[in-house]
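Just so you know, this note's numbering puts the end of the sequence shown at 1550, numbered straight through with nothing missing. A virtual CB, placed ideally from N, CA and C, is assigned to each residue, including glycine. The structure presented is a predicted model; accordingly, all values stated were derived computationally and were not measured. Notes for the one structure printed next.
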Amino acid sequence: ASKSTLSYAQRAARHSNPLVKKLFEIAERKKTNVVLSADLASTKELLAIADSLGPHIAVLKTHIDILSDFGPATIRGLTELAQRHDFLLFEDRKFVDIGNTVQKQYKGGALMIHEWAHIVNATILPGEGIIQALDQTIREGGITERGVLILAEMTSKGSLAVGEYTRVSVEIARKYPQSVLGFVSTKELSSHSPNATRDEDFVVFTTGVNLSSKGDALGQQYQTPTTAMAGGSDFLIAGRGIYGAKDPLIAVKEYQQAGWEAYEQRASP
Ligand code: BMP
């Protein structure tokens, strides 16, 4: 069976990566495939929205460098809320550098990303070394449940993350099954590729999801939860559509319901 016709529970049961298993189990348990892109500017606002919307999301995505007051209280708060509300933390850091530099940015530095973020992302623009570097830190870093998503496409107008770049993203992902969980992309990429193996199951996270807008004034381009899920997405990343709504709690429930219905439609036998 193609992975997109399987349920999250079935995929959890047969996946070999413990973090992907956990992610699918959370989705199944909470009946949500929503990833909240919590692009807020203070720790207080970030933790408040994580606390109130936490029960409705599978993953909280951060841009931790947007915060004006990042510190130990941010890490403590996020970690505590992730446990309490049963979601994972994804730092949208988009690493792009030589492997040696990226290891330093990931493992230590001001942001301590490896310490608190279950998931990070990276682009293969620098070549395979960047993924090799992150994989090494994940395998040898002494913390379990850490993984990478390769940024295989982008939603902004004129994006150059297309064609050969996207194809090689998938090829590199196949070489690091212990740490590469899947992709950030607008649609399913891997199972159509000629080198796909029968058992591989990459997770697709899709940004640029919005129920009511087509885009913004700076090149962002949106699709709906329904089209994203129909295209093979597994997790829907929404930011302003949720936190920018008049009532974010009502909004997150709408995205949860739309995403879950589209998933059930796809996974039903
Ligand atoms: P919004 O739903 O408010 O447009 O936010 C989208 C989020 O996803 C932002 O955090 C942005 O940085 C991120 N993102 C994106 O929009 N397109 C991509 O191709 C990759 C991203 O990480």
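Whole-number beta carbon distance between residue j and residue i, since they are thought to touch under 8 Å
i, j, result
"Leu1359", "Ala1391", "With 8 Å as the limit, Leu1359 and Ala1391 do not qualify as a contact, their Cβ atoms being about 16 Å apart."
"Phe1376", "Ala1403", "4 Å"
"Ala1254", "Ala1539", "Here the chain comprises residues numbered 1282 to 1550, so residue 1254 is not present and cannot be evaluated."
"Thr1313", "Ala1293", "About 15 Å; that fails the 8 Å criterion."
"Phe1368", "Ile1405", "At roughly 27 Å, the Cβ-Cβ gap does not stay under 8 Å, so Phe1368 and Ile1405 are not in contact."
"Tyr1524", "Leu1321", "7 Å"
Option nearest residue i by Cα separation, candidates the options
i, options, result
"Ala1414", "Tyr1387, Leu1300, Ala1548 and Lys1303", "Tyr1387"
"Asn1553", "Ala1509, Phe1486, Phe1516 and Val1429", "An answer regarding residue 1553 cannot be provided, because it is not within the stretch 1282 to 1550 covered by the chain."
"Thr1418", "Ile1431, Glu1396, Ala1433 and Pro1407", "Glu1396"
"Asn1267", "Met1393, Arg1547, Ile1412 and Gly1352", "Nothing can be reported for residue 1267: it is not among the residues displayed for the chain, which extend from 1282 to 1550."
"Ser1450", "Ala1293, Thr1343, Glu1434 and Pro1529", "Glu1434"
"Ile1356", "Gly1335, Met1393 and Ser1333", "Met1393"
"Thr1425", "Ile1431, Asp1416 and Leu1432", "Asp1416"
"Lys1284", "Ala1454, Thr1508, Gly1500 and Ala1477", "Ala1477"
"Leu1327", "Ile1307, Asp1378 and Glu1361", "Glu1361"
"Asp1346", "Ala1339, Lys1468 and Ala1319", "Ala1319"
"Asp1373", "Arg1420, His1344 and Trp1541", "His1344"
"Glu1469", "Gly1513, Thr1436 and Gln1504", "Gly1513"
Residue i, buried or exposed, once every other Cβ within 10 Å from all chains shown has been counted against 16
i, result
"Lys1311", "buried"
"Lys1527", "exposed"
"Ile1431", "buried"
"Ala1354", "exposed"
"Gly1473", "It should be pointed out that residue 1473 corresponds to His in this sequence rather than to Gly. That one is exposed."
"Gln1364", "exposed"
"Ser1471", "buried"
Length of the line joining the Cα atoms of residue i and residue j
i, j, result
"Gln1502", "Lys1342", "19 Å"
"Pro1407", "Val1465", "17 Å"
"Val1490", "Gly1389", "32 Å"
"Leu1492", "Gly1422", "39 Å"
"Val1461", "Arg1455", "8 Å"
"Ala1498", "Asp1515", "27 Å"
"Arg1295", "Glu1481", "10 Å"
"Val1316", "Arg1448", "25 Å"
"Lys1495", "Pro1529", "19 Å"
"Pro1506", "Leu1517", "7 Å"
"Thr1324", "Thr1508", "33 Å"
"Pro1458", "His1337", "29 Å"
"Gly1520", "Val1533", "10 Å"
"Ala1290", "Glu1309", "6 Å"
"Asp1378", "Val1401", "14 Å"
"Glu1545", "Leu1348", "36 Å"
"Glu1409", "Ile1531", "42 Å"
"Lys1385", "Ser1333", "33 Å"
"Thr1467", "Lys1438", "13 Å"
"Gly1500", "Gly1522", "16 Å"
"Arg1479", "Gly1352", "44 Å"
"His1399", "Ile1453", "20 Å"
"Ala1329", "Pro1475", "45 Å"
"Ala1548", "Phe1305", "13 Å"
"Gln1504", "Trp1541", "16 Å"
"Leu1287", "Lys1302", "14 Å"
"Arg1420", "Gly1463", "17 Å"
"Arg1427", "Val1383", "15 Å"
"Asp1350", "Thr1436", "29 Å"
Stretch-stretch touch, CB-based, cutoff 8 Å, three pairs: the segment 1438-1448 with the segment 1477-1491: Under the 8 Å Cβ criterion, the segment 1438-1448 does not count as touching the segment 1477-1491, having fewer than three qualifying pairs.
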